[in-house]
Amino acid sequence: MIRFDNVSKSYPDGTQAVRDFTLRAPSGQTTVLVGSSGCGKTTLLRMVNRMVDPTAGSVWIDDENVADVAPVPLRRRIGYVMQNAGLLPHRKVIDNIATVPLLNGVPKADAHRRARELMELVGLETGMADRYPDQLSGGQQQRVGVARGLAADPNILLMDEPFGAVDPLVRADLQAELLRIQRELHKTILFVTHDITEALTLGDQIVILAKGARVAQAGSPQQVVAQPADDFVAGFLGLGRGTLDLHLRETPGGILVVDGNGRPAGRLADPPARAES
């Protein structure tokens, strides 16, 4: 579990990016932070792996305060996927994926074997292993980024607008792949996006943020669509604005997010499987 306790972040110029933020991100589920640019969602994400340290408050992974862990070993045990993949251009696909296991001392042959397994998991042909990033499409690069984030088998995966730079069709494919992977692996995912449809499609828990990372509403996709907390949330959801009007519809294939014209805009993530006691 990831826990934010009364977290704030201020900068020397007086900017307060985050103000007194508290949240629990349950283990094995996908929590989506969604809001407009500048609302503090990426700052919150980066507090988990100490790319940003809070000015006040604390961030916990289970019962461990991340401030008590050195940044480098902390980051090596947490997967991180960013927009535009962030791949090393001079390294082949297989070596990009194997970066963290190799840094952790895993033998090269084992790290490469794991990298090929992950290529299959994220829907990449293993024949691409010896290509360089500039020989891949944008969608393929993002799949490599997801595979790299999973390479050390982390319990936590941080995803910062990972699909924001690809076209809508590729984005939908990547979202479907992430849902499939999560059904198989049950990672604790903290996902940042400004796209409410993407949030409703992927999230078990949706956290709608206003400026300063104020929690306007947190809940399941069904809860935030059916019972928006206030006018701000309703406006962010696009409720009452014609074609942006979002609804949930049950179908034999699952719960769909549909717009005001009845067109599918996404599919809600399946609830995570519960471990037997």
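Numbering (the working numbering), first residue to last: 2 to 278.
Every residue, glycine too, gets a C-beta built ideally from N, C-alpha and C.
Please read these numbers as outputs of a predicted model, since none were measured by experiment.
In the structure shown, the three-state DSSP call for Arg-4 is strand. By the C-beta density criterion, Lys-109 is exposed, having fewer than 16 other C-beta atoms within 10 angstroms. Note on the segment 143-215: whole beta strand (DSSP E) runs with a minimum of 3 residues are 157-161, 189-194, 206-211, in chain order. If you look at Arg-51, you'll find it isn't in any alpha helix (DSSP H); DSSP assigns it neither H nor E. The three-state secondary structure of Gln-218, taken from DSSP, is strand. Contact between Leu-122 and Ile-182 holds, since their C-beta atoms are separated by about 6 Å, short of 8 Å. If you look at Thr-100, you'll find it in the alpha helix (DSSP H) that goes 100-104. Contact between Gly-146 and Ala-166 does not hold, since the beta-carbon distance rounds to 11 Å and is not under 8 Å.
The alpha-carbon separation between Leu-249 and Val-107 amounts to approximately 46 Å. In this structure, the beta-carbon distance from Pro-72 to Val-19 does not fall below 9 Å. CA-CA distance, Arg-92 to Ala-99, rounds to 10 Å. Counted as a single uninterrupted DSSP element, the alpha helix (DSSP H) harbouring Leu-122 occupies residues 109-122.
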